[in-house]
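Colleague: Encoded as structure tokens, here's the structure I'll be asking about.
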Amino acid sequence: MTVPFNTGKHRRAAAALGAVSAGLLVLSACDKPTPLATVTVGTDTVSAEAACYNDGEAIKESLIQGCLNKKSGKVIEVGMDDKVRFGVEPTMAENGWTLFIGGQQAEQEPYKKTYRSIPGNAFFATQTGEATNTAQVSIVETTGKRLTGIWHFTLKKA
């Protein structure tokens with residue numbers, strides 16, 4: 040009867056193979072990440088995944104207002120003379136996207152490009168003309184009249 044001398048090596052290889060298999064199983068159970076939206080001011084950039092996203096399908100009407108009112112954890116400082124650059128992924132641009140400020144739609148027509156710039160001073164006045172130090176800006180992906188994704192950012196006056 041012969042005894043194999045490399046049993047430790049085989050056990051380690053089997054354990055490594057088991058760990059890799061378990062890792063792949065765990066990864067396959069994860070949700071697909073949502074598209075990213077990005078805001079850049081000067082050299083500072085913040086990116087966010089969607090606060091509400093239904094894998095490209097319309098968000099239920101009953102959830103939209105709650106999604107628009109969610110607060111953002113992504114904050115970027117903006118000077119009054121700065122340009123605020125918004126960027127979205129190509130799939131979002133194909134559908135169209137628009138900006139909401141303080142939960143209110145700021146534009147009538149969806150934008151169909153992946154990038155745009157807006158002056159910083161456009162974000163720091165309320166509808167009554169009062170100055171404000173922060174602005175909740177949401178990028179909203181649309182398909183026709185349906186909202187399919189909402190990304191939030193807070194712009195803080197520098």
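Positions in the sequence shown are counted from 1; adding 39 to them yields our numbering.
Virtual Cβ for every residue (Gly too), placed ideally from N, Cα, C.
Does A164 pass the burial test, meaning 16 or more other C-beta atoms within 10 Å, or should it be called exposed?
Modeller: Counting from one through the sequence shown, the residue named residue 164 turns up at place 125. Counting Cβ neighbours within 10 Å, A164 comes out exposed, since fewer than 16 surround it.
Colleague: Taking the alpha carbon of G95 as the point to measure from, which residue in E169, L138, E180, K196 has its own alpha carbon closest?
Modeller: By one-based count along the sequence shown, residue 95 stands at place 56. Answer by Cα proximity: E180.
Colleague: Any idea what DSSP makes of A199, helix, strand or coil?
Modeller: The shown model of the chain, from 40 to 197, leaves out residue 199, and the question about it has no answer.
Colleague: Excluding the 5 residues flanking N160 on each side, which residues of the same chain have their C-beta closer than 8 Å to its C-beta?
Modeller: For this step, residue 160 is matched to residue 121 along the sequence shown. Excluding positions up to five away in sequence, the list reads M119, D120.
Colleague: Reducing DSSP to helix, strand and coil, say where S86 ends up.
Modeller: Residue numbering aside, residue 86 sits at position 47 when the sequence shown is read from its first letter. Correct three-state label for S86: strand.
Colleague: For K196, which option in K71, I115, A97 has the closest C-alpha, if you only look at C-alpha atoms?
Modeller: Position 157 of the sequence shown, counting from 1, holds the residue named residue 196. Of the candidates K71, I115, A97, the one whose C-alpha sits nearest the C-alpha of K196 is I115.
Colleague: Span of the alpha helix (DSSP H) holding G126?
Modeller: The residue given as residue 126 occupies position 87 in the sequence shown. Per DSSP, G126 belongs to no alpha helix (DSSP H); it is in the beta strand (DSSP E), 122-127.
Colleague: Which residues in the same chain have their Cβ closer than 6 Å to the Cβ of G188, if we skip the five residues on either side of it in sequence?
Modeller: Sequence index remark: in the sequence shown, residue 188 carries index 149 (1-based). Cβ within range, chain order: A89, Y92, E180.
Colleague: How many angstroms separate the CA atom of V65 from the CA atom of T73?
Modeller: Residue 65 sits at position 26 when you count from the first residue of the sequence shown. Residue 73 sits at position 34 when you count from the first residue of the sequence shown. Residue placement at V65 cannot be trusted, given a pLDDT of 41 that sits under 50; what the coordinates show is reported in the next sentence. Whole-angstrom Cα-Cα distance: 18 Å.
Colleague: Measuring straight from C-alpha to C-alpha, what distance separates V117 and E133?
Modeller: The residue labelled residue 117 in the question sits at position 78 within the sequence shown. The residue labelled residue 133 in the question sits at position 94 within the sequence shown. Cα to Cα, V117 sits roughly 28 Å from E133.
Colleague: Less than 8 Å between the beta carbons of T137 and Y150, yes or no?
Modeller: As a first step, residue 137 must be located in the sequence shown, where it is residue number 98. As a first step, residue 150 must be located in the sequence shown, where it is residue number 111. In this structure, Y150 lies closer than 8 Å to T137 by Cβ.
Colleague: Taking the alpha-carbon positions, what's the A76 to K109 distance?
Modeller: Locating residue 76 in the sequence shown gives position 37, where the first residue counts as 1. Locating residue 109 in the sequence shown gives position 70, where the first residue counts as 1. Near 16 Å, if we compare the C-alpha coordinates of K109 and A76.
Colleague: Tell whether a beta-carbon distance below 8 Å holds between A87 and G141.
Modeller: Sequence index remark: in the sequence shown, residue 87 carries index 48 (1-based). Sequence index remark: in the sequence shown, residue 141 carries index 102 (1-based). Cβ atoms of A87 and G141: not closer than 8 Å.
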